[in-house]
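Protein chains: 2
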Amino acid sequence: MFGCLVAGRLVQAAPQQVAEDKFVFDLPDYENINHVVVFMLGTIPFPEGMGGSVYFCYPDQSGMAVWQLLGFVTNEKPSAIFKISGLKSGKGSQHPFGAMNLPQTPTVAQIGISVELLENLAQQTPVANAAVSSVDSFTEFTQKMLDNFYNFASSFAVTQAQMTPNPSEAFIPANVVLKW
Amino acid sequence: MFGCLVAGRLVQAAPQQVAEDKFVFDLPDYENINHVVVFMLGTIPFPEGMGGSVYFCYPDQSGMAVWQLLGFVTNEKPSAIFKISGLKSGKGSQHPFGAMNLPQTPTVAQIGISVELLENLAQQTPVANAAVSSVDSFTEFTQKMLDNFYNFASSFAVTQAQMTPNPSEAFIPANVVLKW
Chain B
1 MFGCLVAGRL VQAAPQQVAE DKFVFDLPDY ENINHVVVFM LGTIPFPEGM
51 GGSVYFCYPD QSGMAVWQLL GFVTNEKPSA IFKISGLKSG KGSQHPFGAM
101 NLPQTPTVAQ IGISVELLEN LAQQTPVANA AVSSVDSFTE FTQKMLDNFY
151 NFASSFAVTQ AQMTPNPSEA FIPANVVLKW
Chain W
1 MFGCLVAGRL VQAAPQQVAE DKFVFDLPDY ENINHVVVFM LGTIPFPEGM
51 GGSVYFCYPD QSGMAVWQLL GFVTNEKPSA IFKISGLKSG KGSQHPFGAM
101 NLPQTPTVAQ IGISVELLEN LAQQTPVANA AVSSVDSFTE FTQKMLDNFY
151 NFASSFAVTQ AQMTPNPSEA FIPANVVLKW
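Residue numbers (the UniProt record's numbering), protein chains in the order written: chain B, 1 to 180; chain W, 1 to 180.
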């Protein structure tokens, strides 16, 4: 029913079904994961009036599972990209996987999907910054940084006439920086 | 061999094979797409020494196809997330789909995957700001960008001994770029 894809890795399409309405994907080496895509395979839709809440679960320093709500998938929005880097120091939230005691391995995190009534999903608030739409402002941020960089680098710019003789020092034409 | 997923929509796993080594997914209503995930299904790997270049193709105002290189998938990195919103006003780049004349519909864009030698892929430069999956954090992301920038800029580096006389052209000492 569900697939899970860590950006840069092979897709997973066979979650562990830990309860009738709960599915778990393992994320090995989770410290090196930035983005996770969770999607419905398109084979079986949710029953009418139901959808899935998507959780990220990772072991805290004492090996206890910390669960954070990332967001949702539904028949109307059957896939979502989440950014999980940056969540690892966050606080846990309420979650429906409580009694399961998934075995925690220090380097392995989980994506958990819980099938629930849509009206229940509507009352849950995902952690901030997990939805990838926040990448927009981020691009603007780097654009600003690069503008700053050009201002910074060009403050060191010299013309050949001003150069002190040192034939081995490498110089970069300023217009290359601008074009980039 | 390939899957394609528009964030928020159902996954596609059946591209149109337009040549022995070229695959195309249609992206209907592309103006409302932010992120696209391209991934190998895990069934058939690339032949040894080969990988896939991933292109975004959209119709310009006159209905001509504009192709932009987004990035790559390989056996070692079998999936990638790309941000295509923001690319739609960009310039086209060289691409290997030239002779195919894919029919252009105003609201439909394409993802094209071309299977090529890895050494050819290494010489191609994707459009800026398309890759999402390599984004670690503001710092790492900008560090990567700046590394790329330094590699790019230093390919233009000259020493004073190599300079053609043009006293008005501004130059930036390369170590300024490195220190930054």
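Cβ coordinates follow ideal geometry from the N, Cα and C atoms, glycine included.
Please read these numbers as outputs of a predicted model, since none were measured by experiment.
Answer with buried or exposed for residue i, where buried requires no fewer than 16 other C-beta atoms within 10 angstroms of its C-beta.
| i | result |
| --- | --- |
| residue 131 (chain W) | buried |
| residue 109 (chain W) | buried |
| residue 142 (chain W) | Bear in mind that a pLDDT of 48 at residue 142 (chain W), under 50, signals an unreliable position, so the model cannot answer this. |
| residue 65 (chain W) | buried |
| residue 78 (chain W) | buried |
| residue 45 (chain B) | exposed |
| residue 106 (chain B) | exposed |
| residue 47 (chain B) | exposed |
Can you tell me where the alpha helix (DSSP H) with residue i in it begins and where it stops?
| i | result |
| --- | --- |
| residue 119 (chain W) | 118-121 |
Measuring CB to CB, does residue i end up less than 9 Å from residue j?
| i | j | result |
| --- | --- | --- |
| residue 80 (chain W) | residue 38 (chain W) | yes |
| residue 192 (chain B) | residue 40 (chain B) | No answer is possible for residue 192 (chain B): the residues shown for chain B start at 1 and end at 180. |
| residue 36 (chain B) | residue 97 (chain B) | no |
| residue 111 (chain W) | residue 10 (chain W) | no |
| residue 29 (chain B) | residue 114 (chain B) | no |
| residue 53 (chain W) | residue 23 (chain W) | no |
| residue 85 (chain W) | residue 67 (chain W) | no |
| residue 121 (chain W) | residue 5 (chain B) | no |
I'd like to confirm the pairing. Which residues does DSSP put opposite residue i in its beta bridges?
| i | result |
| --- | --- |
| residue 93 (chain W) | Paired residue(s): none; residue 93 (chain W) is not in a bridge. |
| residue 33 (chain B) | BP columns for residue 33 (chain B) are empty, so no partner. |
| residue 5 (chain B) | B:37 |
| residue 107 (chain B) | Answer is none; residue 107 (chain B) lacks a bridge partner. |
| residue 127 (chain W) | None; residue 127 (chain W) has no bridge partner. |
| residue 195 (chain B) | No answer is possible for residue 195 (chain B): the residues shown for chain B start at 1 and end at 180. |
| residue 112 (chain W) | W:24 and W:55 |
Residue i lies in the beta strand (DSSP E); which residues open and close that run?
| i | result |
| --- | --- |
| residue 54 (chain B) | 50-59 |
| residue 22 (chain W) | 22-27 |
| residue 83 (chain W) | 79-83 |
| residue 66 (chain W) | 65-73 |
| residue 18 (chain W) | 16-19 |
With residue i and residue j assumed to form a contact (beta carbons below 8 Å), what rounded beta-carbon distance in angstroms separates them?
| i | j | result |
| --- | --- | --- |
| residue 32 (chain W) | residue 83 (chain W) | Actually they do not touch by this definition, with Cβ atoms about 14 Å apart. |
| residue 126 (chain B) | residue 69 (chain B) | 5 Å |
| residue 57 (chain B) | residue 102 (chain B) | 7 Å |
| residue 42 (chain B) | residue 104 (chain B) | Residue 42 (chain B) to residue 104 (chain B), Cβ: 32 Å. No contact. |
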